[in-house]
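Worksheet: the structure to be examined is printed underneath.
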Amino acid sequence: MSSQSQQQQPIASTSQYDPLTRSRTLLFLSIRDSRPRRHHDDDTAENARLLGTAGHIALEMDEPGLPPAWVDIAHRVEEILRGTHAKISTLDKLHARHALPGFTDRTAEERDIERMTTEITRDFRQCHNLIQKIAAEPTPIPSTQSGGEHSFPPQARKMKPPSANAVLAAKNVQRGLAAKIQETSGLFRKKQKVYMDRLQGHAIKNQDLLIASGVISLQGSEGMSAVEEDMAASQSQLSTQTQQTQQIDTQTQERTRELAEIAKNIASLAELFKDLSSMVIEQGTILDSVEWNVERTADSMEAAVKELKIAQGYQRNTGRRQCILFLVLLIFAALVVLIFKPKRSSQPAAPASSVHVSR
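Counting from 2, one number per residue, gives the positions in the sequence shown under our numbering.
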């Protein structure tokens, strides 16, 4: 291409009267071919939905079968709960490491524990807020039902309220997620309680160590007051024990601050548990009502079976009773015939006797 362009782009003339020219046709063709083309196809669904012209017939298409909006919220809550489980496992490891006795600086571990606890609490709050957003939303009515063709600019579509099944499904998902959050929060509270018990146990041990160290220093100062060299050694030992005591006091204060922070987090979680417990209680009430309705249905079915058996017996005896009634009617008719038949036969005999006498 370059050689051809060089061959096809020569200087037209070197004369002093002719202007310098060069051909740009190949460059124009290459740029035109490399540019993406826009095809305006009347059969595409995009243009059919947005444009409406005299020669174009807008066809109404069915709405895509997208799931409800609360499905994404439920997936988001489950994803947060999975991350919360991993954070609780990490926090449990940090608690076990921090509860080990030692005199090293553990400020970094305490910051990690506080940060992890805050993140878990924030996750629970986020899950609680997302659960409250789960609800059945109204669905748009297709334009063919609302009456009217596509117009520009587009108008707001009419909405229809959610069905009872959609509302019930959203409620069931909400209760199920609330139960999962309650289970996860119960596990978190259990881990926090175990950690608090460990910290309280270490605080009691440190207090006993302080008492024991004070008694030992007092006995050492009273038993060796006569010797100056031993007194100096006891003073150095006392200063060492004082430093250790100050370090233990610092650790005790830090653990007390951690306990206060944990208590504050538990108090914040208690607010979340109120709404969750109300949801769980409502779910139990619904289960009780369902069980009561099932029992009533079973009793009604037993009574219906008894009535069906009685009706079946009546149906079997109907033919027999009809035969008996028919025979009784026949007997009654025969009796009537027997009673009235002699009277009819005696009435024509009287005229015959009267004729014989007249002769």
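For glycine and all other residues, C-beta sits at the position ideal for the given N, C-alpha and C.
In this text the structure is predicted, and so the values were computed from the model without any measurement.
| query | result |
| --- | --- |
| Mind checking which residues open and close the alpha helix (DSSP H) that includes lysine 134? | Note, lysine 134: premise wrong, no alpha helix (DSSP H); not H, not E. |
| Using the beta-carbon count (16 or more within 10 Å), is aspartate 289 buried or exposed? | exposed |
| By how many angstroms is the C-alpha of phenylalanine 333 removed from the C-alpha of isoleucine 340? | 11 Å |
| Quick one: Cα of isoleucine 121 to Cα of arginine 199, how far? | 21 Å |
| Measure the beta-carbon distance from valine 306 to leucine 178 and round it to whole angstroms, keeping in mind my assumption that it falls under 8 Å. | That pair is no contact at about 42 Å. |
| Just curious, the alpha helix (DSSP H) that serine 90 is in, first and last residue? | 70-99 |
| Is there contact between the segment 112-126 and the segment 91-99, where contact requires at least three CB pairs shorter than 8 Å? | yes |
| For serine 362, report the span of its alpha helix (DSSP H) as first-last. | Because the chain here runs from 2 to 360, residue 362 falls outside it and cannot be looked at. |
| Rounded to whole angstroms, how far is the Cβ of lysine 192 from the Cβ of histidine 96, which I believe are closer than 8 Å? | 7 Å |
| Which residue wins for smallest C-alpha separation from leucine 273, given the options Ala261, Leu336, Glu184? | Glu184 |
| Between the alpha carbons of aspartate 113 and histidine 99, how many angstroms are there, rounded? | 10 Å |
| Go through its chain and collect everything with a Cβ distance to lysine 88's Cβ below 7 Å, but skip five positions before and after it. | Met117, Glu120, Ile121 |
| Taking phenylalanine 125 and isoleucine 182 to be in contact with their CB atoms under 8 Å, please state how far apart those CB atoms are, rounded to whole angstroms. | 7 Å |
| So, at 7 Å on beta carbons, what are the nonlocal neighbours of aspartate 276 in its own chain, with the 5 sequence-adjacent residues on each side left out? | His129 |
| According to the neighbour-count rule (16 or more other Cβ atoms, all chains shown, within 10 Å of its Cβ), is glutamine 175 buried or exposed? | buried |
| Can you check which of these residues, Val291, Glu283, Gln284, Phe189, is closest to alanine 264 by C-alpha distance? | Phe189 |
| Check arginine 322 in the structure and name its three-state DSSP category. | helix |
| Give the secondary structure of serine 24 by DSSP, where H, G and I count as helix, E and B as strand, and everything else as coil. | coil |
| Thinking C-beta only, is methionine 302 closer than 8 Å to leucine 260? | no |
| Let me check understanding here. Comparing Cα to Cα, which of Ala171, Glu110, Gln127 lies closest to arginine 256? | Glu110 |
| Alpha carbon to alpha carbon, how far is glutamate 136 from alanine 171? | Glutamate is not the amino acid found at residue 136; the sequence shown has alanine there. Near 6 Å, if we compare the C-alpha coordinates of alanine 171 and alanine 136. |
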